[in-house]
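Asker: What follows is a structure written as structure tokens; I'll ask about it next.
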Amino acid sequence: MKIFTVFLQVVFIHVFLFLAMGLRYIFSIPLPTTIIGLFLLFFALCFGVVKLEWVEKGANWLMAELLLFFIPSAVGIVNYEEIASWQGINAILVIGLGTFIVMGSTAWIVERFKGADPV
Numbered sequence: 002m003k004i005f006t007v008f009l010q011v012v013f014i015h016v017f018l019f020l021a022m023g024l025r026y027i028f029s030i031p032l033p034t035t036i037i038g039l040f041l042l043f044f045a046l047c048f049g050v051v052k053l054e055w056v057e058k059g060a061n062w063l064m065a066e067l068l069l070f071f072i073p074s075a076v077g078i079v080n081y082e083e084i085a086s087w088q089g090i091n092a093i094l095v096i097g098l099g100t101f102i103v104m105g106s107t108a109w110i111v112e113r114f115k116g117a118d119p120v
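For what it's worth, our numbering labels the leading residue of the sequence shown as 2, then goes sequentially.
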């Protein structure tokens, strides 16, 4: 029964993706469909149109399995020798440094808004 509940909730979350596809097609919105769908779901949750219980288990499952969705991309990168060269290593270092800076600045801003002492 739990698997069926999670399945239905994932399908319900995808309904917002399909609504976003329609809105993007009709209004030619210059945003990715997934972002529009997230906004739709967010506002539906904020205004009480959708209750958290209706999507919580499905969203938790999607978040838990998120890494699994990136494995084909990671395996596909192995086919490109440029990634393993010095240029590829430099690119990976820049991406890592950029990620660290973004995560650090985000954490710092959150701490400032929460009123806690920054590190």
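Ideal Cβ positions, reconstructed from N, Cα and C, are used throughout, including at glycine.
Remember, predicted model here, so these are calculated numbers, not experimental data.
Counting only the same chain and skipping the five closest in sequence on each side, list residues whose C-beta sits under 6 Å from that of Gly59.
Answerer: Counting only Cβ-Cβ distances below 6 Å, and skipping sequence neighbours, we find Val7, Gln10, Val11 and Ile14.
Asker: Quick check on Leu98: buried or exposed, where buried means 16 or more other Cβ atoms within 10 Å of its Cβ?
Answerer: The residue in question, Leu98, is exposed, as its Cβ has fewer than 16 Cβ neighbours within 10 Å.
Asker: Kindly indicate which three-state DSSP category Pro33 falls into: helix, strand or coil?
Answerer: Reduced to three states, the DSSP call for Pro33 is coil.
Asker: Could you tell me whether the stretch 60-72 touches the stretch 21-33, where touching means 3 or more Cβ pairs closer than 8 Å?
Answerer: As far as the Cβ criterion goes, the stretch 60-72 does not touch the stretch 21-33, which means the pair count is below three.
Asker: Where does Gly116 land, buried or exposed, given buried means 16+ other C-beta within 10 angstroms?
Answerer: Exposed, because fewer than 16 other Cβ atoms sit within 10 Å of the Cβ of Gly116.
Asker: Could you pull the start and end residues of the alpha helix (DSSP H) that Gly59 belongs to?
Answerer: First-last of the alpha helix (DSSP H) with Gly59: Glu57 to Ala65.
Asker: Can you give the Cα-Cα distance for Tyr81 and Leu94, rounded to whole angstroms?
Answerer: Going by the C-alpha atoms only, they are around 17 Å apart.
Asker: Need the endpoints of the alpha helix (DSSP H) that Gly99 sits in, please.
Answerer: Here the alpha helix (DSSP H) through Gly99 covers Trp87 to Lys115.
Asker: So, under 8 Å CB-CB, Leu46 and Leu53 are touching, yes? Tell me the CB distance rounded to an integer number of Å.
Answerer: About 6 Å; that satisfies the 8 Å criterion.
Asker: Expressed to the nearest angstrom, what Euclidean distance is found between the alpha-carbon atoms of Phe5 and Trp87?
Answerer: Going by the C-alpha atoms only, they are around 48 Å apart.
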